[in-house]
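Residue numbers (this note's numbering): 609 to 1061.
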Ligand code: F0G
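Structure representation (structure tokens):
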């Protein structure tokens, strides 16, 4: 039994529309789940970003929001949390993760420069490319092997990384480790790998930064899968992880369990002073950076709650429960379990649908029609077209991601999803692919429309 470390004080109503209504709604949405109204969704697994339930302590902290433009005491409290938990002395608040990426990459990335690391998240990649840099994926090969049970699929391939650094001595902007690695299933990075990469970064005199949107989940995996750290308390593991980085970019909407917010945390004063003016230009003054004082209060508390052992144990337990439940009925799911989501291999499950008819999207539509469940395709639809040939790129995997919001759903909700998939599994041969009726050129999965083939 996965014991929840909380009880409910405030509730949000949800309802399941009748089957015929769901059919109407998805048709009207052009078979794109981003166009559904949330009230038409029963279980919303679209993202774990900004969708968590705040605690009573966070709600209480909101009332202490100091909305002063400069010198806000809410900022000071947030800065203290970041310093206490992550150990970085300098903090630049930003409105969310991509705000931090924008400020950061506009300074560090110049035309033709490379950013190697494990797989970058899509907004990260987009910001690097926007500044005419080149993201380089050096994730270990097992990350893309569905059969592999490697406990740290988010690890950087040290050999690949060294090759990139050797070949391009003057073109490296920085190395980035994303922990956990969202792009490959929320898979963690081991402390051993972090330490090795840090050694290499030092040897090549290249700075090392972390994307820490889900650092707490990563720390939990280190504790549970890396024997050496089994007896270490989570805060100690977090501090040990961060020790190796020159700084970190945080989307607080994930592991700080807030609805909005983010920051850049830095070890060095020089970079802080260089980034500061850009942050003021792009995000807002250095004591709020696009957040309200109350947002910073919630963040200050959430950051501490996000590394509590009981909470993380239950959270990761929920992902495991859902994953195991689906695997038991035959659904091919990515293993080992990631930290924030269950990834279903739609390509494997719907072999009769070719990649250019987007099996992940077809399964996402089926999940909505059958049970009012909303997930997101992570496959060839998201991958887009080759800019040169204009052909659809074939993704390495055709996945459907079910991202589980923090502290929101109960085991009964998860059982419901498993029940719905028992039905979908039986009907899988009848699920059909989709084709575009309107294809949007940039980030097409968000706003294109489709018809069923
Ligand atoms: N880095 C990672 C690893 C992310 O997963 C995200 C967002 C960002 C950066 C950007 O942060 O949304 O605050 O601007 N991931 C969300 C998701 C959107 O659904 O996976 P943001």
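Cβ atoms here follow ideal geometry from the backbone N, Cα and C, with glycine treated the same way.
If you're wondering where the values come from, they're calculated on a predicted model, not measured in any experiment.
Straight-line gap, residue i to residue j (C-alpha atoms, nearest Å)
i, j, result
"residue 773", "residue 739", "20 Å"
"residue 723", "residue 794", "20 Å"
"residue 763", "residue 628", "45 Å"
"residue 652", "residue 776", "44 Å"
"residue 999", "residue 1041", "18 Å"
"residue 815", "residue 666", "34 Å"
"residue 1005", "residue 646", "28 Å"
"residue 934", "residue 682", "43 Å"
"residue 631", "residue 977", "6 Å"
"residue 920", "residue 846", "13 Å"
"residue 965", "residue 991", "13 Å"
"residue 569", "residue 685", "As shown, the chain starts at 609 and ends at 1061. That puts residue 569 outside it, with no answer to give."
"residue 656", "residue 996", "34 Å"
"residue 664", "residue 690", "21 Å"
"residue 807", "residue 1057", "47 Å"
"residue 980", "residue 830", "35 Å"
"residue 869", "residue 634", "31 Å"
"residue 771", "residue 879", "27 Å"
"residue 942", "residue 654", "17 Å"
"residue 932", "residue 811", "42 Å"
"residue 832", "residue 838", "6 Å"
"residue 643", "residue 649", "11 Å"
"residue 841", "residue 761", "23 Å"
Check whether residue i and residue j have beta carbons under 8 Å apart
i, j, result
"residue 1064", "residue 707", "Residue 1064 lies beyond the range of the chain shown here (609 to 1061); nothing can be said about it."
"residue 854", "residue 817", "yes"
"residue 792", "residue 732", "no"
"residue 735", "residue 719", "no"
"residue 922", "residue 989", "no"
"residue 660", "residue 1015", "yes"
"residue 1012", "residue 948", "yes"
"residue 971", "residue 1026", "no"
"residue 727", "residue 789", "yes"
"residue 900", "residue 620", "no"
"residue 896", "residue 701", "yes"
"residue 1043", "residue 1059", "yes"
"residue 821", "residue 783", "no"
"residue 779", "residue 721", "yes"
"residue 940", "residue 957", "yes"
"residue 797", "residue 769", "no"
"residue 1029", "residue 677", "no"
"residue 725", "residue 786", "yes"
"residue 693", "residue 912", "yes"
Buried versus exposed, by CB contacts within 10 Å (16 or more), residue i
i, result
"residue 960", "exposed"
"residue 883", "buried"
"residue 825", "buried"
"residue 712", "buried"
"residue 703", "buried"
"residue 863", "buried"
"residue 1033", "exposed"
"residue 967", "buried"
"residue 618", "exposed"
"residue 753", "exposed"
"residue 938", "exposed"
"residue 801", "buried"
"residue 1063", "This structure does not reach residue 1063, given that the chain is present from 609 up to 1061, and the question cannot be answered."
"residue 687", "buried"
"residue 616", "exposed"
"residue 609", "exposed"
"residue 751", "buried"
Inter-residue CB distance, residue i and residue j (contact presumed, cutoff 8 Å)
i, j, result
"residue 591", "residue 983", "It is not possible to answer for residue 591, since the shown part of the chain is limited to 609 through 1061."
"residue 1009", "residue 1001", "No, residue 1009 and residue 1001 are not in contact; Cβ-Cβ is about 18 Å, not under 8 Å."
"residue 849", "residue 873", "Between residue 873 and residue 849 the Cβ distance is about 12 Å, and since that is not below 8 Å, they are no contact."
"residue 927", "residue 946", "7 Å"
"residue 951", "residue 1007", "5 Å"
"residue 641", "residue 902", "That pair is no contact at about 31 Å."
"residue 717", "residue 741", "4 Å"
"residue 858", "residue 871", "5 Å"
"residue 638", "residue 1045", "7 Å"
"residue 924", "residue 843", "About 17 Å; that fails the 8 Å criterion."
Within-8 Å CB hit, residue i to chain C
i, result
"residue 622", "This model lacks chain C altogether; it includes just one protein chain."
Residue i beta carbon near the ligand HEM (any heavy atom closer than 7 Å)
i, result
"residue 861", "Inclusion of the ligand HEM in the displayed structure is not the case, the ligand content consisting of the ligand F0G alone."
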